[in-house]
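Numbering-wise (our numbering), the sequence shown opens with residue 78 and increments by one.
Think of the CB as a built atom: it goes at the ideal place given N, C-alpha and C, for glycine as much as any other residue.
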Amino acid sequence: MIHIITTGGTIEGLDYENQENKTEQSEIAIREFLDLANVSFPYIIERAFSKDSRSITDEDRNFLLKKIKASNAEKILITHGTFTMEDTAIYLGKEEIKKTIVLVGSFIMGNSKNTDAHFNLGFAMCSAQFLNPGVYVAMNGTIFPWNDVTKNIEVSKFEYKNEQ
78 MIHIITTGGT IEGLDYENQE NKTEQSEIAI REFLDLANVS FPYIIERAFS KDSRSITDED
138 RNFLLKKIKA SNAEKILITH GTFTMEDTAI YLGKEEIKKT IVLVGSFIMG NSKNTDAHFN
198 LGFAMCSAQF LNPGVYVAMN GTIFPWNDVT KNIEVSKFEY KNEQ
């Protein structure tokens, strides 16, 4: 089973700059993505919070950490905004949790016709099933370990911090 924990972000179609109530239900539900893909393995979805990742604090990350530790699942997928995904990966990675934790997001709104959300979510779900315990970022068709990933804003993609 994969435990999906949502935190908001572009992958869910949330436009925080044009949204008065940031806690309202997102326009795009992760469940809808998975239903459209006819996913047949067991999963559960839980919303931790719904925030623009620029507003995520270490208190929020600690709340997320508690949810991960309390989960019976060994495979955790976290949907997350890309602005601070790297920070959350580092926060969780330093905890050395004995579960497979994969963070994923999108650069293009999840409710946009040209979104990368579907691809990234599917890639992350597949990755979570086969990765060893640890914390990873699954973006742009690449799996990055928590301590070797950075967001390149100029080209809108994640890259290794250290040359491969």
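- Here the C-alpha atom of Leu198 lies approximately 23 Å from the C-alpha atom of Glu231.
- In the structure shown, the three-state DSSP call for Lys190 is coil.
- Here Ala201 is buried: its Cβ has 16 or more other Cβ atoms, across all protein chains shown, within 10 Å.
- As the crow flies, the alpha-carbon of Lys175 is around 36 Å from that of Asn191.
- For Phe140, the enclosing alpha helix (DSSP H) covers residues Asp135 to Ala147.
- Using a Cβ distance threshold of 8 Å, Thr87 and Gly170 do not count as a contacting pair.
- Assignment of beta-bridge partners to Phe110 by DSSP yields no partner.
- Comparing C-alpha distances from Met162 to each of Ile107, Glu89, Cys203 and Gly182 shows the shortest one belongs to Gly182.
- The C-beta distance from Glu151 to Thr177 rounds to 6 Å, short enough to fall under 8 Å.
- Residue pairing by DSSP places Val214 opposite Leu180 and Phe221 in a beta bridge.
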